[in-house]
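Quick note: the sequence shown uses numbering that gives the first Met the number 0, first residue 0, plus one each step. A quick write-up on the structure given underneath.
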Amino acid sequence: MSRAPSPSGKENAAPASTRYGTAKKQIGKKRPCNALELGPRKRPTLPDPLIHHGRHFGRSIFAFANVHALILAGLALKENDIVETKQERREARVYKKLLKMVPGLEDRLLEAEGGDEDDIFEVASLLQKGASSARSDDTKSLKGAILDWIVPQGQALQPSLARNVKIDRGFNHERTGELLCPGGMDWSDPEVKQQLKNREVAIPGNHWPLFVYQNEIYPDSDAKSWDGLFRSKILVNAYKHVFTSPSSVEEDPKATRSGNARIHGMTSVTPASIAYIATQVRFALSSASVFCRTDKETDSETFYTSVLELFEDPEEQGEVKDLIAWWNRQVFPSFSNTKKVIPSNSILSRIKARRAAIKAAAAALEPESEEN
0 MSRAPSPSGK ENAAPASTRY GTAKKQIGKK RPCNALELGP RKRPTLPDPL IHHGRHFGRS
60 IFAFANVHAL ILAGLALKEN DIVETKQERR EARVYKKLLK MVPGLEDRLL EAEGGDEDDI
120 FEVASLLQKG ASSARSDDTK SLKGAILDWI VPQGQALQPS LARNVKIDRG FNHERTGELL
180 CPGGMDWSDP EVKQQLKNRE VAIPGNHWPL FVYQNEIYPD SDAKSWDGLF RSKILVNAYK
240 HVFTSPSSVE EDPKATRSGN ARIHGMTSVT PASIAYIATQ VRFALSSASV FCRTDKETDS
300 ETFYTSVLEL FEDPEEQGEV KDLIAWWNRQ VFPSFSNTKK VIPSNSILSR IKARRAAIKA
360 AAAALEPESE EN
């Protein structure tokens, strides 16, 4: 007489552990991972907050800082010390801005100053990691996006350029070469074009390219040297791409992603952030494949610091103030100081006018006070 099949569909199937000679229950051992199962969900690891602050520090305060050296110099600077050189003054300013940006950093550094140098090194390393990773991310992101902004919307770039390969950019391409051509040099001159393409002329980082000017128009006199400077559409697009999200470049009403500016509570453009974006755009247009601060071909650090020096020049502060106000209207219009005048025929103004008329009518009906 045959036995009824077991519920598993296998007759008298012995437990797997018995059949393979491992009847004991394996305690404390994880179940082998099944390649056809998704597996347990891993908990996300949150980066250290100092990395988070370091990202914004590099973008908006100083891009090429040696953070460890900066902190040591800042700690060594006492309250009544006289800062003599321009470099020392800049380091002091940057250090103070760093302390203001990172909550609790000053107290932590002062506690560590007594002897825990490892803690100072750890803080500096995390901030440095944040600044470096942000710069790398932005370089990668702008590499392809920049090609969408260097020709009028709807027009194709001729000849076309690859979004992920840069060898044909720089002075090897008509359009990128025109944008990178230093002010005062005529890109339309075949001889100049050939010299730049063949690298017969060395272009230092403090000889700025044409794209920093609005509509790429280089002023015809010294008196107009600030006209359109650092007001180009390419710079504004790149700034929005990095700070307020890529979708904000096209002013997409459906954009929902929070940009870096909102994440960090940034409501105003900083001079250093303009210099940072200009440096990134300059590199994106070039044929260089690796962003390196000391690269003599792109000379990015010299370019960046030369822009900052102009923005920090005490004699240029009137023009810098106007420039920052212009940038805030482009990027942060909601926080701009531009006076907003309510039209006299708007709904709100008519409601206020009605209320004023009611008050005036009520006042007219009140009996005049008797004279004593």
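Even glycine gets a Cβ: it sits at the ideal position worked out from N, Cα and C.
Check	Outcome
Proximity below 8 Å, CB of Pro270 to CB of Val191	no
Extent of the continuous alpha helix (DSSP H) run through Leu434	Outside the shown range of the chain (0 to 371) lies residue 434, about which nothing can therefore be said.
Nearest-angstrom Cα separation, counted from Glu121 out to Leu49	10 Å
Given 8 Å, three or more beta-carbon pairs between the segment 136-148 and the segment 183-200	no
heavy atom of the ligand ATP below 7 Å from Gly53 C-beta	Among the components modelled here there is no ligand, and therefore nothing to report on the ligand ATP.
Candidates Arg134, Thr138, Leu74, of which the one nearest Gly53 by Cα	Arg134
Helix, strand or coil at Tyr303 [DSSP, three-state]	helix
Environment of Arg353 [buried if 16+ CB atoms lie within 10 Å]	exposed
DSSP state of Pro208 mapped onto helix, strand, coil	strand
Nearest-angstrom Cα separation, counted from Thr297 out to His55	24 Å
CB of Arg230 within 8 Å of CB of Gln213, strictly	yes
Three or more C-beta pairs below 8 Å linking the segment 86-100 and the segment 158-170	no
Under 8 Å between C-beta atoms of Ile70 and Ala123	yes
Sub-8 Å separation of Val330 and Tyr238 beta-carbons	yes
Below-8 Å beta-carbon distance, Phe61 vs any chain B residue	Among the protein chains of the structure shown there is no chain B, as only one such chain exists.
Close Cβ partners of Phe334 (< 6 Å) along its chain, the five nearest in sequence each way excluded	Thr266
C-alpha gap between Val82 and Phe61, whole angstroms	19 Å
Continuous alpha helix (DSSP H) stretch holding Glu53: start and end	Before going on, a small fix: residue 53 reads as Gly here, not Glu. Looking at the DSSP string, the run of the alpha helix (DSSP H) that includes Gly53 is 48-59.
Beta-carbon spacing of Leu108, Leu76 below 8 Å	no
Assigned exposure category for Lys351 - 16 Cβ within 10 Å defines buried	exposed
Length of the line joining the Cα atoms of Val235 and Trp207	17 Å
Rounded C-alpha distance that separates Ile262 from Thr84	35 Å
Burial state of Lys24 (16 or more Cβ within 10 Å)	Low confidence applies here, because Lys24 scores a pLDDT of 47, under 50, leaving its location unreliable and the question unanswered by this model.
For Leu228: DSSP bridge partner residues	Tyr212
Where Leu125 falls, given that 16 or more other Cβ within 10 Å makes a residue buried	buried
Euclidean distance between Cα positions of Leu104 and Phe302	30 Å
Pair within 8 Å by beta-carbon distance, Ser272 and Arg58	yes
Per DSSP, cross-strand counterpart(s) of Pro181	Pro208
Among Lys96, Leu347, Tyr217, Ile233, nearest to Ala64 - alpha-carbon criterion	Lys96
Straight-line gap, Val248 to Lys142 (C-alpha atoms, nearest Å)	15 Å
Beta-carbon separation (whole angstroms), Ser305 vs Gly204, contact threshold 8 Å	6 Å
The alpha helix (DSSP H) enclosing Trp326, as first and last residue numbers	316-330
Minimum C-alpha distance to Leu195 - residue among Gly227, Ala283, Phe210, His172	His172
Range of the contiguous alpha helix (DSSP H) that encloses Leu71	66-75
Same chain, Cβ closer than 7 Å to Asp118, five either side skipped, listed in chain order	Ala111
Assigned exposure category for Ala363 - 16 Cβ within 10 Å defines buried	exposed
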